[in-house]
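There are 2 protein chains.
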Amino acid sequence: MKLLIVFLILTLSLQKISAQKAELFLKDYGIESVKDATPIVVNALKVCKEKNISKLYFPKGVYHFYPTFAPDRYCAITNNDNGLKRTPFPIIDFHDFEIDANGSEFIFHGKIVPFIIEESTNISVKNLSIDWEEPFDIEGKVVANNQEGKTFDIEVTTPYKVKYERLYLSLERESSPYDTKFGDRFAIGEKNDIEVGQNIIWNPKTMAPYYNTSQYAIAEHGIIATELNKGLIRLEVKAEKMPPIGSVFVSKGAHLSNRLCPAFRVFKSKDILFNNINVHHAGAMGLIVERSENITLDSFNVVLKEGSGRMVTTTADATHFCNVKGKVIIRNCTFENMLDDATNIHGTYVRVNKILDDFTLAVETYHPHQNGYLFAETGDLVKIVNQNTLESKTSNIVLKKVEQINEKITILTFSESIKGKVNEFDGVQNTSWESSALLENNIVRNNRARSFLISTSKEVILRNNYFSSQMSALRITGDLDLWNESGPCENLLIENNTFVDCLYGGKKDHYVIMIDPQYSNEDYMVSKYSKNITIRNNTFKTFDPKIMLAISVDGLIFINNKIFQTNTYPAFSKENEILKIENSINVSIKNNYFKSLDGGKGSVFVDQKSADIYLSEDSVFDRTPN
Amino acid sequence: MKLLIVFLILTLSLQKISAQKAELFLKDYGIESVKDATPIVVNALKVCKEKNISKLYFPKGVYHFYPTFAPDRYCAITNNDNGLKRTPFPIIDFHDFEIDANGSEFIFHGKIVPFIIEESTNISVKNLSIDWEEPFDIEGKVVANNQEGKTFDIEVTTPYKVKYERLYLSLERESSPYDTKFGDRFAIGEKNDIEVGQNIIWNPKTMAPYYNTSQYAIAEHGIIATELNKGLIRLEVKAEKMPPIGSVFVSKGAHLSNRLCPAFRVFKSKDILFNNINVHHAGAMGLIVERSENITLDSFNVVLKEGSGRMVTTTADATHFCNVKGKVIIRNCTFENMLDDATNIHGTYVRVNKILDDFTLAVETYHPHQNGYLFAETGDLVKIVNQNTLESKTSNIVLKKVEQINEKITILTFSESIKGKVNEFDGVQNTSWESSALLENNIVRNNRARSFLISTSKEVILRNNYFSSQMSALRITGDLDLWNESGPCENLLIENNTFVDCLYGGKKDHYVIMIDPQYSNEDYMVSKYSKNITIRNNTFKTFDPKIMLAISVDGLIFINNKIFQTNTYPAFSKENEILKIENSINVSIKNNYFKSLDGGKGSVFVDQKSADIYLSEDSVFDRTPN
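Chains as they are written, first to last, in our numbering: chain L, 1 to 626; chain S, 1 to 626.
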């Protein structure tokens, strides 16, 4: 159907909608017969806004969304790639608004962000799935390998190009006579052809990363490619070990070009609900929420589409919450096959670039994925944090003024003198924007990285979840290093969860649960970063002994947990060190159950910086002498 | 000096400036003693705006500008690379304002745009030079070559990196502990390290492109690099012929990453004067003016800095005017050693993506350098142009409404029906935004491309200029092909200019003056594109016979010109075909002087589509029979 008709219908419909009518049915707009649903939806949203309509309904169907006629806006999206983003759902400054797609399938084409929700309140999005016609990764079955020559051959069915001795994933783009003639000339510069970069070896039998996939780690730059036949590519790589025949080489674009298109972007919004949504793929995160308040995910799943044959869902985290306050609720969700974590709830420390006067700091975000990050606004509370020990150097101080200079630098004016309390490169933490969280009845499995990362001092409950990630299931951290992710946990309850054979990726020194603030030097590990963490009534089924690493915790209870060692894979660790406690105080370990493969006891390592460690007399663990 | 002091001084100065005081002296702001002049200038500009100050003076000196504290804004800059641009001179919404730097040298560091002038009127910028501490290109002297192995070795003194078997130019960036630790990891993604791409071979003896440099053309992608020693790099290339020892390999970053930082960006402004300015380098164009009116350049030079040892000034055009109306005046300027043209005055055709109804078109800009291009606003006059013949299909029609959807697509609503007058992929030309121009007493030499490109129907006079470019001196064109550059010339006078040994780069079928609208197929060459072109009293000193190609001109006078053939280089053309006339009418060629090397006459080729060609009986040219 021509756009002409679309516009006519919309114009006519505009007349028909009375101020009283609070719902808009896209069926009436002819959406079922168009090739590209974008213009109809964009215009329907305009109508909804103008007429104060509170519900937008899709008739159940399959809808395709192309970027050609999608409006764009410049978005700085934390932990994703910034830039001009096109979207068919520009939910900007909407209030009390619901989108119900009635179980429809949304198929996206090329570089497009399905939903951008900004400056909005009380928004619900329901009953839809999101997929892309062509993915943002290359998946290629390994059909030959040559350990000596450091090559292996892959069969690729996803769109790709081999040129200049390199392999590119090729995104879908609008066809036109111009594109036919000149498109290839611009494809790399326009990031339509993106050189493959970060990669991992997948196992199509388990539909998960290969056991000990770390041993196949391939340097992400400088992969040399030769097209042997259409769809058959030989890769010459820098790696210790070639991937096995039958495995699947999975690679997304090079770093900083592989998080272009999250499925949902939420920014400066409040009271947002996502319900009954399946994200089958995204060229970045499934959901990224930033500087927002009260977000609920109920059956927001990131899952493979049955029959798609794909190994991967999102090319980054399933969900991610940064600078969020109020409460995050994630329940009844399945997160599988992502190339990164299931969720990460944290703040971001900025770092002091220059001390301008006793009240004023120029602060900087360093990581490129934090370019343009909105750290704070006037009136927010912040603390200064020691760059080495991660200790707070001040209590909360109100910001009197905040001026964002450019995508890196912000000038913060404090309401009281900070003279003598700050050094260049110290961190600054925003304590106004931390959220409590309830994460329950979720499943995480078969993804590249962790399940949940939690960094917030507010109350967090993780309950009745199932975890099976190739790295740690849970990571509780904070750093003033690479990522500068902020927020110690100070009230965390982990209960009734089941952890099944995590850690199978083979990364060294990982534990199923890692509580590990990051210090540049062990000498700086002196103060306590986290507080009040309770881990109780959980079940761990694990082929590798390492259950928990706890660093710098004041108040840790590990109680009533059951640990069953399995023989699913060979263990990486030879020693049965189950728990490792460093620089912690007030730790209680009791009433746990432990069934090892060899019938022996496990052990608990406690370092010399720790004190007040209670290990019950009848413990299933021996304390390693130190 | 600390920023602290800067801010204090500015605050104090704010008090001192009375409403009557119309001038601000940066000497009073301590600008002479700071390492980074950016914060002082940015804040001084704020003061100027707040206090309605009309002149900003620099004490004569050398000032360094770093991007760290420069404000940024997202700029879509036609014919350059879009993005967030940082600038110490955000001249946004200024009126009746002058900047006089009293002969100061401005040195820029890294990715920064010296001047952004937008939405401003009556602005003068005077008496300064612009250079970069580290350039946006790599220049390497060829010290060895191997024709069989397709390699050559270069000695490079500009910052570079060799990694992943590729050569990158490495831009200056802020140092910090973070950058020291992680900067290299992000450098490619952040475009701090940019793979070399477009390239050319320079001759350090002539300080110009090598004679017949085309024969050394190197494919811009897939250059394989090995660092033999620090500063000594072997390049393995796809090229017919290796560059000679002693020549200089010049390369900027890959296409679409090599026009990041023009020296001056002017947008939506009026009555702008640049006087006594030397641009020694820029990582894009020297000046790009867009959607503006009445621009004067008087002694705005793009010239090498004495003693710098560099081969190249700007990595793109010296100056460029697109969508400009009123008058462009360029006088007393020297433009040398650019990697592109000295100027280009043109409009940009958009193309019809979809016909929405009898009044409405969705139009598109296709070339990525036209992403975000502001083609028109409500009230502009436009014409529809046949995509094949380049003929106007309508007279001027007023645009009733213009809606920019995204960086490619704009919806145009016409004030009258265009039913039957338009096809998909036709062009649309904005005739409201064309400028007249006077270009006199300028010198263009030693640059990679052409001298002047003129595409505007308004009166243009090119007078008393000196041209010595390696391609054509003048190009008068228009296309609905790669660039979609619009505007037939309809009133062009070229007089009293001197053309010296142009065309030495060796591109086939180039003429010193080319009037060549571009057709996809010779069958479409039927209507007359250009009108009323007079070429008189010029002197051509030329080693190659080809003086003028004229295609599709109605009204061409070639009179009183003197042509002296030289032996500066071997001629590329064997035949003495001086003028070539195709599909033209009303052409008069008379009273010219011709001195060939062999004493013979030159010839004029006239094709069968041409008519009313007057060649005086005593002509120095023979007409080639056809």
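All C-beta atoms, glycine included, are put in the ideal place defined by N, C-alpha and C.
So which residues of chain L does residue i contact, with C-beta pairs closer than 7 Å?
i: S/P71; result: I405 and N406
i: S/E482; result: Correcting the residue identity first, residue 482 of chain S is Leu in this sequence and not Glu. Chain L residues near S/L482: F182.
i: S/Y164; result: H221 and G222
i: S/I409; result: T68 and F69
So does residue i have its beta carbon nearer than 8 Å to some heavy atom of the ligand ZN?
i: S/L228; result: In terms of ligand content, the structure shown is empty, and the ligand ZN therefore cannot be addressed.
Under 9 Å Cβ-Cβ, which residues of chain S neighbour residue i?
i: L/F425; result: S176, P177 and Y178
So, under 8 Å CB-CB, residue i and residue j are touching, yes? Tell me the CB distance rounded to an integer number of Å.
i: L/F452; j: L/A342; result: 6 Å
i: L/M548; j: L/I513; result: 4 Å
i: L/M338; j: L/M207; result: 13 Å between Cβ atoms; not a contact.
i: L/L260; j: L/K161; result: No, L/L260 and L/K161 are not in contact; Cβ-Cβ is about 17 Å, not under 8 Å.
i: S/I551; j: S/I515; result: 6 Å
i: S/I630; j: S/A284; result: Residue 630 of chain S lies beyond the range of chain S shown here (1 to 626); nothing can be said about it.
i: L/V350; j: L/E424; result: Their Cβ separation, rounded to whole angstroms, is 13 Å, which puts L/V350 and L/E424 out of contact at 8 Å.
i: L/E305; j: L/F136; result: According to the sequence as given, residue 305 of chain L is Lys; it is not Glu. Contact flag wrong, Cβ pair sits at about 15 Å.
i: L/Y211; j: L/Y504; result: 5 Å
Can you pull the chain S neighbours of residue i, defined as C-beta to C-beta under 8 Å?
i: L/A254; result: I188 and G189
i: L/R86; result: N406
i: L/S257; result: G189
i: L/I116; result: Per Cβ cutoff of 8 Å: no residues; L/I116 is ~13 Å from chain S at best.
I want to verify the contact list: residues of chain L whose CB lies under 9 Å from the CB of residue i, in sequence order.
i: S/H109; result: The premise fails here: S/H109 is roughly 14 Å from chain L at the closest Cβ pair, so nothing lies under 9 Å.
i: S/E172; result: What S/E172 touches in chain L: nothing, since even the nearest Cβ is about 15 Å away.
Run through the DSSP bridge pairs and tell me what residue i is partnered with.
i: L/F106; result: L/Y63 and L/I130
i: S/T389; result: Its beta-bridge partners do not exist; DSSP assigns none.
i: S/H320; result: S/I288
i: S/A282; result: S/T314
i: L/H255; result: Beta-bridge pairing links L/H255 to no other residue.
i: S/N145; result: S/F152
i: L/D622; result: L/S603
i: S/I99; result: S/L56 and S/V125
i: L/F564; result: L/K541 and L/K595
At which residues does the alpha helix (DSSP H) containing residue i begin and terminate?
i: L/G478; result: Note, L/G478: premise wrong, no alpha helix (DSSP H); not H, not E.
Which residue comes first and which comes last in the beta strand (DSSP E) that contains residue i?
i: L/I557; result: V553 to I559
i: L/R185; result: Where L/R185 is concerned, there is no enclosing beta strand (DSSP E), although the alpha helix (DSSP H) it sits in stretches over P177 to F186.
i: L/N43; result: Element bounds for L/N43: not the beta strand (DSSP E) but the alpha helix (DSSP H), T38 to E50.
i: S/D72; result: D72 to C75
i: S/Y593; result: Y593 to K595
i: S/G599; result: Neither: S/G599 is in no beta strand (DSSP E) and is coded neither H nor E.
i: S/L356; result: V350 to D357
i: S/N199; result: D193 to N203
i: S/I578; result: E577 to E582
i: L/D298; result: E293 to V302
i: S/I341; result: It is worth fixing the name first, because residue 341 of chain S is Asp in this sequence and not Ile. Looking at the DSSP string, S/D341 is not in any beta strand (DSSP E), and its letter there is neither H nor E.
i: S/G326; result: K325 to R331
i: S/M471; result: No beta strand (DSSP E) holds S/M471; DSSP gives it neither H nor E.
i: L/T213; result: No beta strand (DSSP E) holds L/T213; DSSP gives it neither H nor E.
Along chain L, which residues have their Cβ under 8 Å away from the Cβ of residue i?
i: S/P368; result: F186, G189 and E190
i: S/I559; result: Going along chain L, no residue has its Cβ under 8 Å from S/I559, so there is no contact; the nearest lies around 40 Å.
Using the beta-carbon of each residue, which ones in chain S are nearer than 7 Å to residue i?
i: L/E74; result: Rather than Glu, the amino acid found at residue 74 of chain L in this sequence is Tyr. Simply Y74.
If the cut-off is 8 Å on Cβ atoms, which residues from the region 46 to 72 of chain L count as contacting chain S, listed in chain order? P67, T68, F69, A70, P71 and D72
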